[in-house]
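> Below is one structure. I have some questions about it.
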Amino acid sequence: MKLLVTGGVGFIGSNFILHVLDKHPKFKITNVDAELVGSNRQNLKDIKNNKNYEYIKGNITNKKLIERLVSKTDVVFNFAAESHVDRSITDPRPFITSNILGVYTILEAIRKYRKKFIQISTDEVFGSLKSGSAHEKYPLNPSSPYAASKASAELLIRSYIATYGCDAIITRCTNNYGPRQSPEKLIPKVIFLAEKNKKIPIYGTGKNIRDWIFVLDHCNAILRVFFKGKSGEVYNIAGLNEIDNLTIVKKILKIMGKSRDLIHFTTDRPGHDFRYSLNSSKIYKELRWKPSYNFERGLEYTINWYLKNKDWWKSISSKDIISTPWKTR
Ligand SMILES: NC(=O)c1ccc[n+]([C@@H]2O[C@H](COP(=O)([O-])OP(=O)(O)OC[C@H]3O[C@@H](n4cnc5c(N)ncnc54)[C@H](O)[C@@H]3O)[C@@H](O)[C@H]2O)c1
Numbered sequence: 082m083k084l085l086v087t088g089g090v091g092f093i094g095s096n097f098i099l100h101v102l103d104k105h106p107k108f109k110i111t112n113v114d115a116e117l118v119g120s121n122r123q124n125l126k127d128i129k130n131n132k133n134y135e136y137i138k139g140n141i142t143n144k145k146l147i148e149r150l151v152s153k154t155d156v157v158f159n160f161a162a163e164s165h166v167d168r169s170i171t172d173p174r175p176f177i178t179s180n181i182l183g184v185y186t187i188l189e190a191i192r193k194y195r196k197k198f199i200q201i202s203t204d205e206v207f208g209s210l211k212s213g214s215a216h217e218k219y220p221l222n223p224s225s226p227y228a229a230s231k232a233s234a235e236l237l238i239r240s241y242i243a244t245y246g247c248d249a250i251i252t253r254c255t256n257n258y259g260p261r262q263s264p265e266k267l268i269p270k271v272i273f274l275a276e277k278n279k280k281i282p283i284y285g286t287g288k289n290i291r292d293w294i295f296v297l298d299h300c301n302a303i304l305r306v307f308f309k310g311k312s313g314e315v316y317n318i319a320g321l322n323e324i325d326n327l328t329i330v331k332k333i334l335k336i337m338g339k340s341r342d343l344i345h346f347t348t349d350r351p352g353h354d355f356r357y358s359l360n361s362s363k364i365y366k367e368l369r370w371k372p373s374y375n376f377e378r379g380l381e382y383t384i385n386w387y388l389k390n391k392d393w394w395k396s397i398s399s400k401d402i403i404s405t406p407w408k409t410r
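Counting from 82, one number per residue, gives the positions in the sequence shown under the working numbering.
Structure (structure tokens):
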């Protein structure tokens with residue numbers, strides 16, 4: 082089996098590659114990544130010499146490159162995306178380019194070579210939910226340019242399934258946490274700042290709710306969808322841990338033995354969705370997949386990973402971690 086993974090130098094993509102090579106050592110993986118925001122070359126340093134792994138620095142909007150790579154693969158897993166909501170508020174353009182044009186480029190290649198395509202999407206496409214949980218057919222109602230770019234990609238994929246009969250599946254996941262995530266994102270940011278006894282910025286009241294999933298549970302779910310999922314379908318993937326941001330920060334500080342005085346409330350970001358919630362009974366019932374990591378256990382593991390892997394942080398300074406990034410860029 083030959084896999085083309087895009088965005089594999091980033092957080093989820095790198096965990097996915099390591100997970101696949103661990104569970105299916107005979108699979109061959111090509112990773113293409115443009116080394117943009119969220120990427121960290123250290124993420125895959127341990128498999129540099131694995132004969133079943135090949136890395137190519139390149140952009141998914143590069144038609145020639147993507148056609149060449151897709152022609153040689155069995156399936157494309159698209160993790161490549163601009164993924165930081167705050168950055169999409171100050172400058173939506175890179176989001177339109179990577180998340181929409183990039184997906185269009187892959188779609189054209191999989192249409193030409195008749196290959197399978199798995200698109201990694203997000204619960205953010207549904208926008209904020211006051212109550213209840215969004216099932217797969219719930220209306221898309223994105224609030225940020227990031228979420229709108231991911232929703233646009235989904236619509237484009239659906240059109241290629243309907244019009245050209247492409248073999249594609251969309252997965253939508255909730256907030257991931259775990260090793261190798263950029264410190265611009267909540268959990269590594271809090272660990273990084275707490276370790277240095279720096280103030281920890283929290284937007285608004287900190288009451289915004291997200292569902293959290295351990296990254297390896299997400300990787301497992303994607304594999305299950307690949308092996309057992311039905312072409313043309315969408316599968317929601319929830320972690321079953323709906324928690325507000327302030328509670329998460331307090332949990333991290335407690336595990337690290339740090340004072341809550343480090344918490345510092347800042348101006349909320351515009352269009353900040355209050356709550357995301359996914360109904361993922363479809364994947365439970367049809368593909369018999371459920372998350373297996375308990376949040377407390379996963380969080381402790383994650384904190385220990387960052388504390389033990391100081392090398393990974395080497396290039397990051399606390400000056401790079403801005404309290405209201407949507408304002409300042
Ligand atoms: N992090 C989450 O909680 C979460 C939740 C649900 C879905 N997702 C989706 O999962 C995917 C991966 O997210 P992540 O958190 O690992 O993001 P990330 O920012 O850590 O990694 C994204 C990677 O994509 C690469 N990339 C971006 N644009 C590219 C392009 N045009 N060509 C080639 N490479 C490009 C970057 O260099 C980076 O290595 C994204 O599609 C995101 O929308 C993330």
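Every residue, glycine too, gets a C-beta built ideally from N, C-alpha and C.
1. Under the rule that 16 or more other beta-carbon atoms within 10 Å means buried, what is Pro223, buried or exposed?
2. Would you check if the stretch 333-353 and the stretch 275-288 touch, i.e. whether three or more CB-CB distances between them fall below 8 Å?
3. How is Asn159 classed by DSSP in three states: helix, strand or coil?
4. From Gly320 to Phe295, what does the alpha carbon distance come to, in whole angstroms?
5. For Thr255, tell me which candidate among Ala302, Ser396, Leu146, Val151 has the shortest Cα-Cα distance.
6. According to the Cβ coordinates, are Glu377 and Val315 closer than 8 Å?
7. Can you tell me whether Pro282 is helix, strand or coil according to DSSP?
8. In its own chain, which residues sit with a C-beta less than 7 Å from the C-beta of Lys196, not counting the 5 before and 5 after it?
9. Can you find a heavy atom of ligand 2 that lies under 7 Å from the Cβ of Lys132?
10. CB-CB under 7 Å to Val206, same chain, minus the five flanking residues each way: which ones, in chain order?
11. Please return the same chain residues whose Cβ sits closer than 7 Å to the Cβ of Leu182, not counting the five positions on each side in sequence.
12. Leaving out five residues on either side along the sequence, give the residues of the same chain with a beta carbon under 7 Å from the beta carbon of Ala275.
13. Cα-Cα, which of Glu323, Tyr185, Ile242, Gly379 is closest to Ile290?
14. Could you give the distance in angstroms between the alpha-carbon of Asn131 and the alpha-carbon of Pro175?
15. Could you tell me the boundaries of the alpha helix (DSSP H) in which Val151 lies?
16. Going by the CB atoms, is the gap between Ile272 and Tyr136 shorter than 8 Å?
Short version:
1. buried
2. yes
3. strand
4. 7 Å
5. Ala302
6. no
7. strand
8. Val151, Thr154, Asp155, Val156, Val157
9. Here the bound small molecules are ligand 1; ligand 2 is not part of this structure.
10. Leu221, Pro223, Ala228, Lys231, Ala232, Glu235, Arg253
11. Thr142
12. Ile281, Ile333, Leu334, Met337, Lys339, Leu343
13. Glu323
14. 32 Å
15. 144-152
16. no
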